[in-house]
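Below is one structure, written out as structure tokens; the observations come after it.
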Amino acid sequence: MEEKVSSAKQLEEELFYQAPNVLDARPELKDEAWAYCEEYRRFLNRAKTEREFIEEAVILLKQAGYQPFEPGKNYQPGEKVYWVNRGKALLASTFGTLPVGQGVRINAAHIDSPRLDLKQNPLYEKGELSYFKTHYYGGLRKYQWTAIPLSIHGVFVRPNGETVRVRIGEEEGDPIFTISDLLPHLSKEQDKRPLSDGVKGEELNLLIGSTPYPDKEIKNRVKLATMQLLHEKYGITERDFTCAELEIVPAFSARDLGFDRSMMAAYGHDDRVCAYAALRAEIDVKTPAHTTVTCLTDKEETGSDGNTGLASAYLPDYLRYLAKAQGEEPLAMFANTKCLSADVNAAYDPTFADVFEENNVARLNKGVVVTKYTGARGKSGTSDASAETMAFFAGILNEHGVIWQTGELGKIDIGGGGTVAKYVANHNIDVVDIGVPLLSMHAPYEVAAKADIYMCYLAFSAFAE
Ligand code: MN
Ligand code: MN
1 MEEKVSSAKQ LEEELFYQAP NVLDARPELK DEAWAYCEEY RRFLNRAKTE REFIEEAVIL
61 LKQAGYQPFE PGKNYQPGEK VYWVNRGKAL LASTFGTLPV GQGVRINAAH IDSPRLDLKQ
121 NPLYEKGELS YFKTHYYGGL RKYQWTAIPL SIHGVFVRPN GETVRVRIGE EEGDPIFTIS
181 DLLPHLSKEQ DKRPLSDGVK GEELNLLIGS TPYPDKEIKN RVKLATMQLL HEKYGITERD
241 FTCAELEIVP AFSARDLGFD RSMMAAYGHD DRVCAYAALR AEIDVKTPAH TTVTCLTDKE
301 ETGSDGNTGL ASAYLPDYLR YLAKAQGEEP LAMFANTKCL SADVNAAYDP TFADVFEENN
361 VARLNKGVVV TKYTGARGKS GTSDASAETM AFFAGILNEH GVIWQTGELG KIDIGGGGTV
421 AKYVANHNID VVDIGVPLLS MHAPYEVAAK ADIYMCYLAF SAFAE
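Right under this line is the structure:
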């Protein structure tokens, strides 16, 4: 009897698969994982928008010896280049020993995150208070953006091309901004609204001032006083908001989370947790076999359209430049290329367990999540990685001791989502999604586990090698 039990147990171990906790499977990695996360935390606090991410990324790339990419130039193995697309997207490569016709290794992550943008005519006064009208960007739950500290980041651009940078609400001593919500004493009617309309888009008005201009003859005295301050600080008039991109983001810093400090809470883990890992893996690779193409892209959260998003031609155009410079056939290069679409997925939330399917959900601390397909309902709008592509990536991850799991976004009929994977796959390239599982995805404060964050970096490094 005893023998039977133990042999069944042995059989179970041999035949079944249970994703291990990273901290059980690779305990020796804890110190380096925590150290990596500390560097990521600091980077994240400087890079809260796509423009800021590019600025910080370029600093790191230059430090690592990257040169601006010159189309047409034939680069040698080990040479490193970068190319910035309109300040909001970036391509970086380390040239490999193999000709690019044998395929490159693309790692594509997005660096835009859900946020509130200023409208074109944002400034107004009501009830002797001044406000900015906002228009939300990406899929967010509007009620989560009220009654929290917010900061303003972005640029005004003058007709001569000169850029005035805005970043206010982040430094100690800076003022912050906020969106007011009703007090519970008076929210009886609002409380009857469905949660999706709890706070409406046109109610996301940013409170920015309350001091009136001293002249009582003027009609909008608070608006004028606020505009005067903006004019003094940034040299702008009201009309200049039309030539600006100003983004409202949470003024929180990224912080360690939990008594054990095993997690990190931050604004914009989606998708900077993958983008930073992709950038670090790109910088750390020396002379790979296949040329790397690290793509940090914009506009994923609004569907990848626009010339800084991955539905545009900027990535395939860059690939064609690489092929042309080596006298290779671009079409063959595309067909031989592998792409890792680096993006986050939902982690199992025990408090809201109902929306997840227990057998196919990613969990915190179980490693990077390899997402075969995204989409909605009947896999609508997904690229669905082939079994061969899955085997290719699983092979790399296993060979390098990377702990990984699979995950679907949630129960089939509940919702869905997408990534940049399909836009790359549509160029006849093999793609799969790999990234970090998150709690509270798209919330002002998202949660990731440090073990998973580090596994993501190890996965991307293994792929770049
Ligand atoms: Mn994402
Ligand atoms: Mn997202």
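Using our numbering, you'd call the opening residue of the sequence shown number 1 and step up by one each time. By construction, the Cβ of each residue, glycine as well, lies at the ideal position given by its N, Cα and C atoms. No experiment lies behind these values; they were computed from the predicted model shown.
Collapsing the DSSP output to three states places residue 121 in a strand. Distance from the CA atom of residue 52 to the CA atom of residue 10, rounded to whole angstroms, is 53 Å. Residue 166 is positioned such that its CB atom lies closer than 8 Å to that of residue 152.
DSSP places residue 46 in the uninterrupted alpha helix (DSSP H) bounded by 30 to 46.
In this structure, residue 404 lies near residue 459, with their beta-carbon atoms less than 8 Å apart. Bridge partners of residue 434 according to DSSP: 342 and 370. Assignment of residue 419 by DSSP, reduced to helix, strand and coil, places it in the coil class. Annotation note: the segment 90 to 137 contains the following uninterrupted beta strand (DSSP E) runs of length 3 or greater, listed N- to C-terminal: 105 to 110, 115 to 126 and 129 to 137. Take residue 347, set aside five residues on each side of it, and the residues of its chain with a beta-carbon closer than 7 Å to its own are 362, 363, 364, 437, 438 and 439, in chain order. In this structure, the straight-line span from the alpha carbon of residue 375 to that of residue 445 is close to 24 Å.
For the set 100, 61 and 77, the Cα lying nearest the Cα of residue 84 is the one of 61. In the three-state reduction of the DSSP assignment, residue 461 falls in the helix class, which pools H, G and I. Residue pairing of residue 248 in beta bridges, as defined by DSSP: 116 and 152. Residue 16 has no beta-bridge partner at all, per DSSP. In the DSSP assignment, residue 264 falls within the unbroken beta strand (DSSP E) covering 263 to 266. In this structure, residue 341 sits near residue 424, with a CB-CB distance shorter than 8 Å. Around the Cβ of residue 15, a 10 Å sphere holds fewer than 16 other Cβ atoms; the residue is exposed. Per DSSP, residue 414 lies in no beta strand (DSSP E) and is assigned neither H nor E. One alpha carbon belongs to residue 189, the other to residue 201, and they sit about 17 Å apart. Under the 10 Å beta carbon count, residue 219 is surrounded by fewer than 16 other beta carbons and is classified as exposed. Around the beta-carbon of residue 352, fewer than 16 other beta-carbon atoms lie within 10 Å, marking it exposed.
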